[in-house]
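Residue numbers for the sequence shown, in the working numbering: 3 to 214.
Every residue gets a Cβ at the ideal spot worked out from N, C-alpha and C, and that includes glycine.
Here the structure is a predicted model, which means the values were calculated and not measured.
These notes concern the structure reproduced below.
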Amino acid sequence: MNVAASIRARLTNISRNENIAFQVIIVRYLHERLLYRLSRSRFVNQLYLKGGNLLYILQGISTRPTVDVDFLGHSLSGEPTSIKNMMEEIASISCNDGVWFDTRNIFIERLTGQNLYSGIRLVFPAGFHTIKQNLQIDIGFGDRVIPNPVRLNFPVLLDDLPVPEILAYTPETVIAEKFHAMIELSVFNSRMKDFFDVYQLLETEQYDIVYR
């Protein structure tokens, strides 16, 4: 059995044993392996993880689906061509994990208008074995992370694969950003999971100091 086929079989077992939808496992695995490549690239200190994948680290809710990878860009130009070249370089880093990223077919657009922060969105195909999935990467600019970003290990699904070590938002920044969105959007905020996330983080004892 080749590497990709073996990995698919092992991920299928995880899906069955932990009662998690296989689609959730697929997306998480592809995100994980992209983050590993970032951790091995020269851009590791210029992209700070945020969003659902960071909350997966902080909360450990394995069944929570996350459709994209969210970053804050630091010391990056923000120009689409530059961001595209960066992603091509990151995705080209080799790893014996069976995953491929088709960066020849990157769709890229600016995030403007009603978004709270300007940024860049990239969408491109990725997969392993016979599986193909579009990945969405959102990179925001202009935000501040206080305190400074922290270095975290992203949990791996298969413990014999190398672990991504990346920079990420602090929990304090996550809470502050979500509170800001609640106030800005007020009753128009339909993202009830933001309220759930804040509650979960504030219920964690180590963050008590945030709201006292």
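Straight-line gap, residue i to residue j (C-alpha atoms, nearest Å)
i: Asn15; j: Ser77; result: 41 Å
i: Asp140; j: Ile168; result: 16 Å
i: Asn4; j: Asp162; result: 16 Å
i: Val101; j: Leu124; result: 18 Å
i: Met184; j: Thr114; result: 19 Å
i: Val165; j: Lys134; result: 23 Å
i: Ile177; j: Gln48; result: 22 Å
i: Glu207; j: Leu57; result: Caution is warranted here: a pLDDT of 49 is assigned to Glu207, below 50, making its placement in the model unreliable, and the coordinate value is therefore given only provisionally. Each residue's Cα considered, the two are about 16 Å apart.
i: Glu34; j: Leu137; result: 12 Å
i: Ala241; j: Ile108; result: For residue 241 there is no data in the structure shown, the boundaries of the chain being 3 and 214.
Cβ separation of residue i and residue j, assumed to be a contact under 8 Å, to the nearest whole Å
i: Val71; j: Asn55; result: 6 Å
i: Tyr50; j: Pro151; result: 5 Å
i: Arg12; j: Leu160; result: 6 Å
Residues that residue i bridges to, as DSSP identifies them
i: Ile168; result: Leu154
i: Val101; result: Phe130
i: Asp72; result: Lys52 and Asp140
i: Gly121; result: Leu113 and Gly142
Counted within 10 angstroms of its Cβ, other Cβ atoms place residue i as buried (16 or more) or exposed
i: Ile148; result: exposed
i: Glu179; result: buried
Three Cβ pairs or more, each shorter than 8 Å: is that satisfied between the segment 52-61 and the segment 128-138?
no
query: Is the segment 141-153 close to the segment 12-28, with three or more CB pairs under 8 Å?
result: no
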